[in-house]
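S.K.: I have a structure I would like to understand better, so I am pasting it below and will then ask my questions one at a time.
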Amino acid sequence: MALVNTVSIRKNKVSEGSAPLVAVTAYDYTFAKLVDDLVDIVLVGDSVGMVVQGHPNTLSVTLEDMIYHSKCVSAGLKSAHLVVDMPFMSYQVNLESALKNAGRLLSEGLAHAVKLEGGVSITHTITRMVEVGIPVMGHIGLTPQSVHALGGYKVQGRTASARESIIQDAIALEDAGVYAMVLEGIPSDLAEAITSRVKIPTIGIGAGPRCDGQILVLQDFLGLNTDFQPKFVKKFAQLAEATRAAVNSYATEVRQKSFPEKEHSFHVNS
Ligand code: KIV
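Quick note: the sequence shown uses the numbering used here, first residue 147, plus one each step.
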């Protein structure tokens, strides 16, 4: 697969004949290497806080965490486009620190672009990032960093005014120069309306089929995450069961002393 980049992604509108973009999250080298040639975009999401660190939300993830995981994922990629989330409070405090932090995610984390949550309220920051050459992906609708302000992980845009404000967020992000935007947790018809309104691609998660691409957390659709089974995730594998079965076989064989066998052991001449 050819190297995917912000220029090719920006043009990827399904309405103009493109195939939908395929995006997944990854947090480490092993999974990054496994998915690299199968997808267009790999996101080092701040969902790392929940999936890897075991926290109830994404708020405690630090910039250092994101740099570390982005570097690990980068080592496993040859062709996919690498996007990294800017964690909570790394871009909201002031423009100077936002630029500095985004720069570190590219220079130290080796990401190709950053993703920021929010619409109208953060366009000033996004405009400046884009001006200095930092590609930005937007993220609107259900924005997990605002979980306390939203009163939980609830579908957004269900009233006429909430719907209108998400449409305004989408237009503001496009005007600020994002090359793509994630639409999370909104009704399908709202995602469809935004997708036809903006010229850049929309990438949906819990936003129905009419986006220009889809993204899911890898551990969720591999069936590794048994705590989290939302409606928008289809399980394409049942790896929690497979992993437990394999560990159980290993434990049984060690306890029965049937592993390791001769073929797994070193000898003077072999
Ligand atoms: O943090 C994350 O993994 C995300 C995606 C699920 C869109 O933001």
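Backbone N, C-alpha and C define an ideal beta-carbon position, used for all residues, glycine too.
Could you give the residue range of the alpha helix (DSSP H) that holds Asp315?
M.R.: 306-322
S.K.: To the nearest angstrom, how far is the alpha carbon of Ile213 from that of Val414?
M.R.: 44 angstroms
S.K.: Can Gln360 and Ala169 be called in contact, C-beta distance under 8 angstroms?
M.R.: yes
S.K.: When the Cα atoms are used, what is the spatial distance from Gly265 to Val328?
M.R.: 11 angstroms
S.K.: Would you mind listing the beta strand (DSSP E) stretches within the stretch 248-291 that are 3+ residues and don't spill past its ends, in chain order?
M.R.: 259-261, 282-287
S.K.: Output yes or no for whether 8 angstroms exceeds the beta carbon distance between Asn158 and Leu167.
M.R.: With respect to the 8 angstroms criterion, Asn158 and Leu167 are classified as neighbours on the basis of their beta carbons.
S.K.: Rounded to whole angstroms, what is the Cα-Cα separation between Thr204 and Gln402?
M.R.: 42 angstroms
S.K.: Anyone know if the C-beta pair for Gly369 and Lys381 falls short of 8 angstroms?
M.R.: yes
S.K.: Assign Gly350 to one of two classes, buried (16 or more other C-beta atoms within 10 Å of its C-beta) or exposed (fewer than that).
M.R.: buried
S.K.: With a cut-off of 8 angstroms on the beta carbons, I'd call Val197 and Val363 a contact; round off their distance for me.
M.R.: 6 angstroms
S.K.: DSSP beta-bridge partners for Gly359?
M.R.: Listed as beta-bridge partners of Gly359 by DSSP are Leu167, Ile349.
S.K.: So, helix, strand or coil for His227, using DSSP?
M.R.: strand
S.K.: Taking 7 angstroms as the line, does the beta carbon of Gly265 fall inside it for any heavy atom of the ligand PLP?
M.R.: The ligand PLP is absent from the structure shown, which contains only the ligand KIV.
S.K.: In its own chain, which residues sit with a C-beta less than 8 angstroms from the C-beta of Ala172, not counting the 5 before and 5 after it?
M.R.: Ala178, Val181, Val188, Leu189, Val190, Val219, Gly222, Leu364
S.K.: Return yes when at least one heavy atom of the ligand KIV lies under 7 angstroms from the C-beta of Leu189, else no.
M.R.: yes
S.K.: For the beta strand (DSSP E) holding Leu329, just list the boundary residues, first then last.
M.R.: Leu329 -> beta strand (DSSP E) spans 326-330.
S.K.: Between Ile341 and His410, what straight-line distance do the alpha-carbon atoms span, to the nearest angstrom?
M.R.: It is Thr, not Ile, that sits at residue 341 in the sequence shown. Each residue's Cα considered, the two are about 55 angstroms apart.
S.K.: List the whole-angstrom C-beta distance separating Leu319 from Ile280, where the pair is believed to meet the contact cut-off of C-beta under 8 angstroms.
M.R.: Not quite, the Cβ-Cβ distance comes to about 15 angstroms (not below 8 angstroms), so this is no contact.
S.K.: Can you tell me whether Glu254 sits near the ligand KIV, meaning its C-beta is under 7 angstroms from at least one heavy atom of the ligand?
M.R.: no
S.K.: Could you check whether the Cβ of Ser193 sits closer than 7 angstroms to any heavy atom belonging to the ligand KIV?
M.R.: yes
S.K.: Going by DSSP, name the residue or residues bridged to Val153.
M.R.: Val153 pairs with nothing; no bridge assigned.
S.K.: Give every residue of the same chain whose Cβ lies closer than 7 angstroms to the Cβ of Arg356, excluding the five residues on either side of it in the sequence, and list them in chain order.
M.R.: Ser334, Ala337, Glu338, Thr341, listed in sequence order.
S.K.: Any chance the stretch 243-255 sits against the stretch 267-283, with 3 or more Cβ pairs inside 8 angstroms?
M.R.: A contact exists between the stretch 243-255 and the stretch 267-283.
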